[in-house]
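These notes are about the structure you will find just below.
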Amino acid sequence: MEGTGPADGDDVETALRELLAPDTVAARARERRHRERLAAAVTFEGVVAATRSTGATVDLGTRGGHRFRGTVADVGTGVVTLRTAPRRIALVVVDAIVSLHAPGVGPLHDDEPPTAPVELADLLLEAAADRADVVLHLVDGSAISGVLHGCGIDVVSIRSGATDVVYVRLASVDGASLTGSG
């Protein structure tokens, strides 16, 4: 059998010595500690932002039991914007998200910080100017739909009929689905 002489054994011993050399072991330990520090610094917002670059469809679950499915369009420090269909977006409060599933996407790294300190109130106030159709998904699992009438510091108003206006505490909103925006 060719290639089984003493030279091959020497090559294995040399490779083993190099592998176990103190500087090689120390370098591998430094690399492992660096990877562990990076993993420890991962934030949920960063992971959500990383899905934006993949273009993958994600499924976000909220504390109220709502599911939002779409592609990540933007991630602010307080809200995630998903494109759920043409001319339809969902605004999901970051603190309301309990899970993110990105089928077919491997481990994500927190290498993309949120783009801006954007909160749900900011985006709803902007959409209210267009009188967008909205469904507010609430923390208790219920939903309220109508035309977005306005948004204040801690309240959202929705016109649900010709004269009916429903006022909703902003803190009780897990997310909002908007039609005709974007």
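Add 288 to the 1-based position in the sequence shown for the working numbering, that's all there is to it. Even glycine gets a Cβ: it sits at the ideal position worked out from N, Cα and C. Since the structure is predicted, the reported quantities are computational estimates derived from the model, not experimental observations.
The alpha carbon of GLY429 has as its nearest neighbour, out of GLY353, LEU413, LEU436, the alpha carbon of GLY353. Rounded to whole angstroms, the Cβ separation of ARG340 and VAL360 is 4 Å, and the two are in contact under 8 Å.
When secondary structure is reduced to three states using DSSP, ALA338 falls in the helix class. Less than 8 Å separates the beta-carbon of HIS425 from that of GLY463.
Residue nearest to GLY394 within the set GLY343, VAL461, ASP298, ALA378 is GLY343 (criterion: CA-CA distance).
Look at SER430 here: in three-state DSSP terms it is coil, with no helix or strand label.
The count of Cβ pairs closer than 8 Å, one atom from the stretch 378 to 388 and one from the stretch 431 to 438, stays below three, leaving the stretches out of contact.
With distances taken between CA atoms, VAL363 lies nearest to PHE332 out of ASP311, PHE332, ALA420. Spatial neighbours of ARG351 in its own chain (CB-CB distance under 7 Å, excluding positions within 5 residues in sequence) are listed in chain order as ALA384, VAL386, VAL427, ASP462. VAL443 and GLY468 have their alpha carbons spaced roughly 22 Å apart. Taking each of ALA338, VAL335, GLY438 in turn and checking the Cα distance to ALA416, the smallest one comes out for GLY438.
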